[in-house]
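Novice: I'd like to ask you about the structure that follows.
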Amino acid sequence: MEKGGGKGRTPSEHLVVVVGGGIAGLGAAQRLCRHPGFRNLRLLEATDRCGGRIRSQSAFGGVIEIGAHWIHGPSKNNAVFQLALEYGLLGEKEMSEENQLIEVGGHPGLPSLSLSSSGKNVDLKLVEDVANLFYTLLDQTREFLHVAETPVPSVGEYLKKEIARHMVEWTEDEATKNLKLSILNTFFNLECCVSGSHSMDLVALGSFGEYAMLPGLDCTFSEGYEGLTNCMMTSLPKNVVLFNKPVKTIHWNGSYRHENFPGGKFPVLVECEGGEKFAAHHVIVTIPLGVLKEQMTTLFDPPLPQRKAQVIMRMGFGTNNKIFLEFEEPFWELDCQQIQVVWEDTSPFLDVKAELQDMWFKKLIGFLVLPPLESSYVLCAFIAGHESEFMETLSDEEVLSSLTQVLRRITGNPQLSGPRSILRSRWHSAPYTRGSYSYVAVGSSGEDIDILAQPIPSTSLDSQLQILFAGEATHRTYYSTTHGALLSGWREADRLISLCDSGAQQLHPKP
180 MEKGGGKGRT
190 PSEHLVVVVG
200 GGIAGLGAAQ
210 RLCRHPGFRN
220 LRLLEATDRC
230 GGRIRSQSAF
240 GGVIEIGAHW
250 IHGPSKNNAV
260 FQLALEYGLL
270 GEKEMSEENQ
280 LIEVGGHPGL
290 PSLSLSSSGK
300 NVDLKLVEDV
310 ANLFYTLLDQ
320 TREFLHVAET
330 PVPSVGEYLK
340 KEIARHMVEW
350 TEDEATKNLK
360 LSILNTFFNL
370 ECCVSGSHSM
380 DLVALGSFGE
390 YAMLPGLDCT
400 FSEGYEGLTN
410 CMMTSLPKNV
420 VLFNKPVKTI
430 HWNGSYRHEN
440 FPGGKFPVLV
450 ECEGGEKFAA
460 HHVIVTIPLG
470 VLKEQMTTLF
480 DPPLPQRKAQ
490 VIMRMGFGTN
500 NKIFLEFEEP
510 FWELDCQQIQ
520 VVWEDTSPFL
530 DVKAELQDMW
540 FKKLIGFLVL
550 PPLESSYVLC
560 AFIAGHESEF
570 METLSDEEVL
580 SSLTQVLRRI
590 TGNPQLSGPR
600 SILRSRWHSA
610 PYTRGSYSYV
620 AVGSSGEDID
630 ILAQPIPSTS
640 LDSQLQILFA
650 GEATHRTYYS
660 TTHGALLSGW
670 READRLISLC
680 DSGAQQLHPK
690 P
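Going by the working numbering, the first residue of the sequence shown is number 180, and it counts up by one from there.
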């Protein structure tokens, strides 16, 4: 491959490579393929499937979500919801006007049942009171978005400071006060799952309000979330998507030849692990922030500008996993939707120094009760942070054994029949994700998200838009969501379409 100067092309010859077949990459490819200026497009997917962190799987006689679970804020301004409507993937209830108008404030619903580590039912009125305190304080953290200086660096520190202030006014006995702290600890762990962070002490207070919440009652896909990305993929022209093409290096700011365009020179060359090379005018990188953190020093040649590299390292990217447990018979009431687990020896103020092997399961927030499947009953546990990553290193048998003991303990029934099978996600150890989703970490800001989204190089007009960036971590107000990822893919596609149209306008100005 030659390298040197060289530039220029006709507007009808925009060669584009999209790296990553998640919803951001598919969204970008779909948008570009509908424009006549982008007939030469390839989408390189590292695995044997599209969807990325949207991953549905047939199991337990039904479909379960290994990855993205809900459409958050399904309403008129949610791009994923609107696309799902377009493809006819939602039921009447999910599409109802009433559901679209419900304001939930971005907070998960309260549990149907709360069980303590001593095997007792926790009073749901107490849980509700604690939840009201926690979410009132959490909503207050969003008010620091435009202040010059925050009182403390992190959301976690602010919450603990305010809780300590409220505790002075608590009038209950010591046992109830301690139980309230344990319930609060469960809500901290729940918020870690929502934020995709190991600890709320890692989440920046000043930028927490960047995230924008949409109205609508969170809903699911009855046939699986992956049905949406499958529809997007099948809408693309044949041979656009190439599977099992992990990218090794993206060479940019060069001048490369393409065997199908012998007279042309291309500024970018995408080199795959298997040795295949794809020359292009533009590359849209949609890989997860976790992979960028791990591979950015080898993935880009020349290296990324220092400013962008620093942003990638500053931003937060954590793990939130699911553990599905299948039972022959439910030990819960059939109208139960969510079971909360409260560990009575925990508190937001206690920093426990114990081996992960002995206490990883204490990070579990509880269990979501899935709708009954053909011949089984399934609970879905959520767990975030280092404990979640440690869980990935254990065998199925070890996880099953630990959670069986947890269930026997919280139900107070040492003879409780354990789950008959287990299925779980492993997003941290997955080589092409390295975690679940992004958050604004202490030391970073919403501005960092915009910097990550900026194309490179940004200095020369002649060589602009060689590498563009999309994915949930590049959307300033909807980071960590599928709708943020989809919008980011559309954003970068529109950026290239504008470039193409302006080039055509210069060649063929209107009379």
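By construction, the Cβ of each residue, glycine as well, lies at the ideal position given by its N, Cα and C atoms.
Please read all numbers here as calculations on a predicted model, not as lab measurements.
1. Does DSSP put cysteine 371 in a helix, a strand or coil?
2. If you pair each beta-carbon of the stretch 375 to 391 with each one of the stretch 610 to 626, do three or more pairs fall below 8 Å?
3. So, at 6 Å on beta carbons, what are the nonlocal neighbours of lysine 424 in its own chain, with the 5 sequence-adjacent residues on each side left out?
4. Determine the DSSP secondary structure at glycine 130, reduced to helix, strand or coil.
5. Please work out which residues of its chain come closer than 7 Å, Cβ to Cβ, to tryptophan 539, disregarding the five sequence neighbours upstream and downstream, and give them in chain order.
6. Keeping to the same chain, check which residues put their C-beta closer than 6 Å to that of proline 253; ignore five residues upstream and five downstream.
7. Quick check: leucine 595 and arginine 587, are their CB atoms within less than 7 Å of each other?
8. In three-state DSSP terms, what is valine 196?
9. Among Leu393, Ala203, Val242, Leu644, which one has its Cα closest to the Cα of leucine 552?
10. Around the Cβ of alanine 533, are there at least 16 other Cβ atoms within 10 angstroms (buried) or fewer (exposed)?
11. Between the alpha carbons of proline 446 and cysteine 372, how many angstroms are there, rounded?
12. For tryptophan 669, count neighbouring C-beta atoms within 10 Å of its own C-beta (all shown protein chains included) and say buried if the count is 16 or more, exposed if not.
13. Tell me the rounded alpha-carbon separation between threonine 590 and isoleucine 630.
14. How many angstroms separate the CA atom of histidine 283 from the CA atom of methionine 392?
15. Let me confirm a value: glutamate 507 is counted as buried when at least 16 other C-beta atoms fall within 10 Å, else exposed. Which label applies?
16. Is the beta carbon of valine 618 less than 7 Å from the beta carbon of glycine 375?
17. Does the Cβ of phenylalanine 457 have 16 or more other Cβ atoms within 10 Å, making it buried, or fewer, making it exposed?
18. What is the DSSP secondary structure of leucine 421, counted as helix, strand or coil?
19. What is the rounded straight-line gap between the Cα of phenylalanine 313 and the Cα of leucine 338?
20. On a Cα-Cα basis, can you pick out the residue from Glu370, Val306, His214 that is closest to glycine 285?
21. Any idea what DSSP makes of threonine 428, helix, strand or coil?
22. Which word fits leucine 407, buried or exposed, when buried means at least 16 other C-beta atoms lie within 10 angstroms of its C-beta?
23. Once you ignore the five residues that flank glycine 270 on each side, which residues in its own chain have a CB closer than 7 Å to its CB?
24. Thinking C-beta only, is glycine 469 closer than 7 Å to glycine 614?
25. CA-CA distance, serine 526 and leucine 360?
26. Hey, out of Leu647, Gly201, Val578, whose CA is closest to alanine 247's CA?
Specialist: Taking the structure as given:
1. helix
2. yes
3. Leu223, Cys451
4. No answer is possible for residue 130: it lies beyond the span of the chain, which begins at 180 and ends at 690.
5. Glu566, Phe569, Met570
6. Phe260, Gly395, Cys398
7. yes
8. strand
9. Val242
10. exposed
11. 41 Å
12. buried
13. 49 Å
14. One point to set straight first is that residue 283 is valine, not histidine, in the sequence displayed. Approximately 9 Å, taken between the alpha carbons.
15. exposed
16. Reading the sequence as shown, one finds tyrosine at residue 618 and not valine. For tyrosine 618 and glycine 375, yes; Cβs fall inside 7 Å.
17. buried
18. strand
19. 8 Å
20. Glu370
21. strand
22. buried
23. Ser401
24. yes
25. 5 Å
26. Gly201
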